[in-house]
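Peer 1: Residue numbers (numbering that gives the first Met the number 0), protein chains in the order written: chain A, 0 to 538; chain B, 0 to 299.
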Amino acid sequence: MRNTRMKTLFVLAAVFALALWSSAPAEAAPKKGGTLKFVVGSKIPSYDGHIESTFGMIHPIRPFYSLLIRVNPDNPASPTDFVCDVCEGGIPQPTEGHTKYTFKIRGDITFHSGQKLTSADVKATYDKIISPPKGIESNRKAFFSMVKSVTAPDPKTLVFKLKYPTGAFVPALALPYNFIYSKADLDKHGYKWHQKNVNGTGAFRFVQHQPGAFVEGKRYDKYHHKGKPHLDGYRAISAPKMAIRLQAIRGDRAAIEFRGFPPKARDDLKKALGDKLTVQESDWNCNLMVTPNHKRKPFDDARVRRALTLAIDRWAGSKYLSRIAIVKTVGGVVFPKHPLAATKEELVKIAGYWPDINKSRAEAKRLLKEAGYPNGFEFTLHNRGVDQPYKVVGTWVIDQWRKIGLKVKQWVQPSGPFYATLRKKKNFDVSIDFNCQSVINPLVDVSKFISDDRAGNQYGQYQDRQLDKWFEEMNREPDVKKQRAIMRKYEKRALDEMAHQFVTLWWYKINPHRSYVKGWKIAPSHYLNQHLDNVWIDK
Amino acid sequence: MASPSDLAVSEMDFDTLPERSWVDKIKDTARKKPLGAVSACAVMVMILLAVLANVITYYDPVQNAFDSMHVAPGAAHWFGTDQFGRDIFTRIVFGARTALFVGFSASILGSTAGLILGVGSAYFGGRVDLIFQRFMDIFISFPLIIMALSVVSIFGTGTQNVILAITIPLIPRCARVVRSSALAIREIPYVDAARALGFAHVRIIFRHMIPNVMAPYLIMLTSFLGQAILLEASLSYLGLGVQEPTPAWGLMLQGGAEEYAESAPWIPVFPGLAITAAVFAFNLFGDAVRDTLDPRLRSE
Numbered sequence: 000m001r002n003t004r005m006k007t008l009f010v011l012a013a014v015f016a017l018a019l020w021s022s023a024p025a026e027a028a029p030k031k032g033g034t035l036k037f038v039v040g041s042k043i044p045s046y047d048g049h050i051e052s053t054f055g056m057i058h059p060i061r062p063f064y065s066l067l068i069r070v071n072p073d074n075p076a077s078p079t080d081f082v083c084d085v086c087e088g089g090i091p092q093p094t095e096g097h098t099k100y101t102f103k104i105r106g107d108i109t110f111h112s113g114q115k116l117t118s119a120d121v122k123a124t125y126d127k128i129i130s131p132p133k134g135i136e137s138n139r140k141a142f143f144s145m146v147k148s149v150t151a152p153d154p155k156t157l158v159f160k161l162k163y164p165t166g167a168f169v170p171a172l173a174l175p176y177n178f179i180y181s182k183a184d185l186d187k188h189g190y191k192w193h194q195k196n197v198n199g200t201g202a203f204r205f206v207q208h209q210p211g212a213f214v215e216g217k218r219y220d221k222y223h224h225k226g227k228p229h230l231d232g233y234r235a236i237s238a239p240k241m242a243i244r245l246q247a248i249r250g251d252r253a254a255i256e257f258r259g260f261p262p263k264a265r266d267d268l269k270k271a272l273g274d275k276l277t278v279q280e281s282d283w284n285c286n287l288m289v290t291p292n293h294k295r296k297p298f299d300d301a302r303v304r305r306a307l308t309l310a311i312d313r314w315a316g317s318k319y320l321s322r323i324a325i326v327k328t329v330g331g332v333v334f335p336k337h338p339l340a341a342t343k344e345e346l347v348k349i350a351g352y353w354p355d356i357n358k359s360r361a362e363a364k365r366l367l368k369e370a371g372y373p374n375g376f377e378f379t380l381h382n383r384g385v386d387q388p389y390k391v392v393g394t395w396v397i398d399q400w401r402k403i404g405l406k407v408k409q410w411v412q413p414s415g416p417f418y419a420t421l422r423k424k425k426n427f428d429v430s431i432d433f434n435c436q437s438v439i440n441p442l443v444d445v446s447k448f449i450s451d452d453r454a455g456n457q458y459g460q461y462q463d464r465q466l467d468k469w470f471e472e473m474n475r476e477p478d479v480k481k482q483r484a485i486m487r488k489y490e491k492r493a494l495d496e497m498a499h500q501f502v503t504l505w506w507y508k509i510n511p512h513r514s515y516v517k518g519w520k521i522a523p524s525h526y527l528n529q530h531l532d533n534v535w536i537d538k
Numbered sequence: 000m001a002s003p004s005d006l007a008v009s010e011m012d013f014d015t016l017p018e019r020s021w022v023d024k025i026k027d028t029a030r031k032k033p034l035g036a037v038s039a040c041a042v043m044v045m046i047l048l049a050v051l052a053n054v055i056t057y058y059d060p061v062q063n064a065f066d067s068m069h070v071a072p073g074a075a076h077w078f079g080t081d082q083f084g085r086d087i088f089t090r091i092v093f094g095a096r097t098a099l100f101v102g103f104s105a106s107i108l109g110s111t112a113g114l115i116l117g118v119g120s121a122y123f124g125g126r127v128d129l130i131f132q133r134f135m136d137i138f139i140s141f142p143l144i145i146m147a148l149s150v151v152s153i154f155g156t157g158t159q160n161v162i163l164a165i166t167i168p169l170i171p172r173c174a175r176v177v178r179s180s181a182l183a184i185r186e187i188p189y190v191d192a193a194r195a196l197g198f199a200h201v202r203i204i205f206r207h208m209i210p211n212v213m214a215p216y217l218i219m220l221t222s223f224l225g226q227a228i229l230l231e232a233s234l235s236y237l238g239l240g241v242q243e244p245t246p247a248w249g250l251m252l253q254g255g256a257e258e259y260a261e262s263a264p265w266i267p268v269f270p271g272l273a274i275t276a277a278v279f280a281f282n283l284f285g286d287a288v289r290d291t292l293d294p295r296l297r298s299e
């Protein structure tokens, strides 16, 4: 029985990986040397991966660090292909009823400071991530709620014991934020030292950071992956404005931008640079959501929320918005094409995904009338002051809602105040929100929809114990088919029956880069595959 | 020496002089100030566009029309369409409403508040004037855009807050100019007479002083219009003004300048031209009003 399940999972994962991998270019033998210059459109809040969530930190800082395991750099599109980084061999098979994972740690790794890495360093790192002392932040603590204990019985062995078996554990280990820190650094300097200092075992050593200008790294000669890195160094150039990042690539002041550009920018670059430019594209593990404030009338009424989602023509939106914004794929709560994601046949049964938009909008009007708003009503859409894709999608959904008689104004805030409104003030009617993850781990990624007293990033201010129950069941269910069945019920309730909050479109990643940049393969997240040890310059 | 009968005759002659019609007066002013006349026409056209927007164009300024994305200027769409398929000419016409509404509101509010404060400061004089003018100095020391940005960052975005953001930095500029005229008015005996008659301060300020400083007030008001329109466009361009889908020139420029300057240049070019034309027209109009109302310039 277990074998059949494993085979099914394997086949589904292989098909999924193959589908995503199709855009990856073929590679020749790597050349040594050169400095990679890339542009980064966001600032570095701190160097500490355990507390940050922005690509502004990941892109320039990730190359200084290693992880316990990582997404396979040669197949980053796969949601199930993980390889060892500081561990050796393959990903260990779980024992004791899938509740114990024993990792063997390599003995040939040294930190940039010269100190040898042992399992005690990895344990200290995961202790900081999973159970930090009071007053110490850890952004991804919740991802490891299944972990019972972490032990290092000897310098080469690390053991994780889980409270229950779950498929969400291994992907959580591969999160690109889980930088391995030195226990000696943590003991000597404290848990906040890494916010302003760098000492890792990554492919590159920290040289300098000129705030607002660039971060510079140079090759670490004792890097543990033999023959890597290929580059002599890199320079991550800060360029908050998209026009500047585009011009940097166009003028060859930078070779690549790892987050992604909108389609028009890709077309302009391609037109200007021809075959000097290579474009890699991929589905993106990010979606843009609409979150009604359940504490405000009339959004406390499920009929009104359903009307909002029914008015949105996602299928047409995908066709047109993909020409002007970094969104494309129509999907439900799970990353599209993942084995746990809804198929198109399943999606079209959910409110807001019906193929006949006229029927959908007629139903939306009926619901509004039934809820006491036959002539619609006015409200404000809260949005983030970032063009791609927030403001573009915001303008689009406002137009969609006009078609069922709703009058909507847009209230745009810069990122800081935007988050403050979502998290603290909560004084919005309906807000644009997003669910952006790194490693594809649907069992954890869909936690966005559970009750707000359990999910730290649910801003709709609702509690739904049924969803909480199904979420727990999914995470403890080892059978993929059963997981999938629960996921469908979960999705239907979250997006349709209760319409607590809803997905508009999934993002689509477009990375145009100079053709001389080789070895880097696009992943379904701008956080993944940024260690740069496999990148080389063919110049 | 003229006899009383001579005086009576000359008064009679004056009364019998033919009254010049307002058309003649306008023609005369236009001849003397051709630039002012052209700018006044441009301002009138802009006001007409704003008022008759629904009649002038039949496209919806906010409705997305994805079948017509990035259409180049032509017969169907004179100024082309934007990334959402919206007709740019229509959005410019409707955008004139936003520009004029914000421009007039901020200018009138800013100038009027400056008028009252400036006259009040001059009237009371002494310590009140001294302290008040130091506050004005602080406000004037900040460039308009910096001051407006600060106000928006405190109060947030949206049309009302943009008007407030533009109004606040205009107040001290008007107050300072008006105060200098009001200081002279304060020394004229009729103000003392009004005081001697026991009139309240408010009555003296509003009935006896403000009507006598209307010339600088109107000059400031008209010169502020262009600045206010430019500030509104600047704030919208920076994403701090009015928000999509409201048609506004700065916002249109912001949405198209970066991404489409190369592949669809009409998206940023036409809103840019609209802003330029409006500011130019209002500045010239303001200059013409100043020339007409300023006694020194009038005599020249």
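Glycine included, every Cβ here is placed at the ideal spot set by N, Cα and C. Just so it is clear, the structure is predicted and the values come from calculations on it, not from any experiment.
Have a look at the DSSP bridge pairing and note the partners of residue 510 of chain A.
Peer 2: Residue 510 of chain A pairs with A:279.
Peer 1: Name the chain B residues that come within less than 8 Å of residue 623 of chain A, Cβ to Cβ?
Peer 2: Only positions 0 to 538 of chain A appear in this structure, which leaves residue 623 of chain A out of reach.
Peer 1: Taking only beta-carbon positions, decide if residue 97 of chain B is within less than 8 Å of chain A.
Peer 2: No - not a single Cβ of chain A is within 8 Å of the one on residue 97 of chain B.
Peer 1: Which value, in whole angstroms, describes the spacing of the CA atoms of residue 26 of chain B and residue 278 of chain B?
Peer 2: So the alpha carbons of these two residues sit roughly 24 Å apart.
Peer 1: Grouping DSSP H, G and I as helix and E and B as strand, with all else coil, what is residue 45 of chain B?
Peer 2: Helix.
Peer 1: Please state whether DSSP places residue 69 of chain A in a helix, a strand or coil.
Peer 2: In this structure, residue 69 of chain A counts as strand in the three-state DSSP scheme.
Peer 1: Within the 8 Å Cβ cut-off, does residue 65 of chain B reach chain A?
Peer 2: At least one chain A Cβ lies under 8 Å of residue 65 of chain B.
Peer 1: Compare the C-beta of residue 390 of chain A with all C-beta atoms of chain B and state if any pair is closer than 8 Å.
Peer 2: Chain B contact via Cβ: present.
Peer 1: CA-CA distance, residue 42 of chain B and residue 538 of chain A?
Peer 2: In a straight line, the C-alpha of residue 42 of chain B is about 59 Å away from that of residue 538 of chain A.
Peer 1: Check the DSSP bridge columns for residue 205 of chain A and list the partner residues they point to.
Peer 2: In the DSSP output, where bridge partners are listed per residue, residue 205 of chain A has A:216.
Peer 1: Which residues of the segment 218 to 244 of chain B have a Cβ closer than 8 Å to any Cβ of chain A? Give them in chain order.
Peer 2: Listed in sequence order: 238, 242, 243 and 244.
Peer 1: Hey, is residue 147 of chain A's beta-carbon within less than 8 Å of any beta-carbon in chain B?
Peer 2: Residue 147 of chain A does not count as touching chain B.
Peer 1: Near residue 129 of chain A, which residues of its chain fall below 8 Å by C-beta distance, leaving aside the five closest residues on each side in sequence?
Peer 2: Correct list, in chain order: 137, 140, 143, 146 and 149.
Peer 1: For residue 185 of chain B and residue 213 of chain B, I'd like the C-alpha separation in whole angstroms.
Peer 2: So the two alpha carbons sit approximately 15 Å from each other.
Peer 1: Where does residue 118 of chain A sit, in a helix, a strand or coil, going by DSSP?
Peer 2: Residue 118 of chain A: helix per DSSP, three-state reduction.
Peer 1: Which value, in whole angstroms, describes the spacing of the CA atoms of residue 242 of chain B and residue 242 of chain A?
Peer 2: Going from the Cα of residue 242 of chain B to the Cα of residue 242 of chain A covers about 21 Å.
Peer 1: I'd like to know whether the C-beta of residue 94 of chain B is nearer than 8 Å to at least one C-beta of chain A.
Peer 2: No, because no Cβ of chain A sits closer than 8 Å to the Cβ of residue 94 of chain B.
Peer 1: What does the alpha-carbon distance come out to for the pair residue 116 of chain A and residue 124 of chain A?
Peer 2: Each residue's Cα considered, the two are about 12 Å apart.
Peer 1: Taking Cβ-Cβ distances shorter than 8 Å, what residues in chain E pair up with residue 266 of chain A?
Peer 2: Chain labels in this structure do not include chain E; the protein chains are A and B.
Peer 1: Taking only three categories from DSSP, how would you classify residue 235 of chain A?
Peer 2: Correct three-state label for residue 235 of chain A: strand.
Peer 1: Going by beta-carbon coordinates alone, are residue 236 of chain B and residue 249 of chain B separated by less than 8 Å?
Peer 2: For residue 236 of chain B and residue 249 of chain B, yes; Cβs fall inside 8 Å.
Peer 1: Terminal residues of the continuous alpha helix (DSSP H) containing residue 126 of chain B?
Peer 2: It spans 125 to 140 - the alpha helix (DSSP H) in which residue 126 of chain B sits, taken as one unbroken run.
Peer 1: What separation, rounded to the nearest whole angstrom, lies between the Cα atoms of residue 23 of chain A and residue 86 of chain A?
Peer 2: Unreliable placement is indicated for residue 23 of chain A, whose pLDDT of 48 sits below 50; no coordinate value is reported for it.
Peer 1: Does the segment 88 to 96 of chain B come within contact of the segment 51 to 60 of chain B, defined as at least 3 CB pairs closer than 8 Å?
Peer 2: Because the criterion of three Cβ pairs below 8 Å is met, the segment 88 to 96 of chain B and the segment 51 to 60 of chain B touch.
Peer 1: Beta carbons nearer than 8 Å to chain A: which residues of the segment 47 to 79 of chain B have them?
Peer 2: Cβ contacts with chain A: 61, 62, 63, 65 and 68.
Peer 1: How many angstroms separate the CA atom of residue 190 of chain B from the CA atom of residue 38 of chain B?
Peer 2: The straight-line gap from Cα to Cα measures roughly 38 Å.
Peer 1: Closer than 7 Å by beta-carbon distance: list the chain B residues that pair up with residue 607 of chain A, in chain order.
Peer 2: There is simply no residue 607 of chain A to check, as chain A begins at 0 and stops at 538 in what is shown.
Peer 1: Would you mind stating whether residue 147 of chain B and residue 165 of chain B have Cβ atoms separated by less than 8 Å?
Peer 2: In contact: residue 147 of chain B and residue 165 of chain B (Cβ atoms closer than 8 Å).
Peer 1: Counting only the same chain and skipping the five closest in sequence on each side, list residues whose C-beta sits under 8 Å from that of residue 107 of chain B.
Peer 2: Correct list, in chain order: 220.
Peer 1: When you compare only the Cα positions, how much space is there between residue 573 of chain A and residue 414 of chain A?
Peer 2: Chain A is shown from 0 up to 538; residue 573 of chain A falls before or after that span and cannot be answered.
Peer 1: Mind reading off the beta-carbon distance from residue 500 of chain A to residue 290 of chain A? Whole number of angstroms is fine, and I expect it under 8 Å.
Peer 2: Correct: roughly 4 Å between the Cβ atoms.
Peer 1: Rounded C-beta distance between residue 441 of chain A and residue 527 of chain A? I'm assuming under 8 Å.
Peer 2: Actually they do not touch by this definition, with Cβ atoms about 16 Å apart.
Peer 1: In chain order, what residues of the same chain lie with their CB nearer than 8 Å to the CB of residue 20 of chain A, ignoring the 5 residues before and after it?
Peer 2: Because the pLDDT of residue 20 of chain A is 48, which lies under 50, any placement of that residue in the model is unreliable, and the number read from its coordinates should be weighed accordingly. Closer than 8 Å at Cβ, skipping near neighbours: 74, 76 and 77.
Peer 1: Pick out the complete alpha helix (DSSP H) segments inside the segment 202 to 284 of chain B, 4 residues or longer, and give them in chain order.
Peer 2: Counting only runs of 4 or more, we get 213 to 236 and 248 to 259.
Peer 1: Quick one: what does DSSP say residue 85 of chain A is sitting in, helix, strand or coil?
Peer 2: Reduced to three states, the DSSP call for residue 85 of chain A is coil.
Peer 1: Could you check how far apart the C-beta atoms of residue 253 of chain A and residue 227 of chain A are, in whole angstroms? I think they sit under 8 Å.
Peer 2: The Cβ separation is near 22 Å, so there is no contact.
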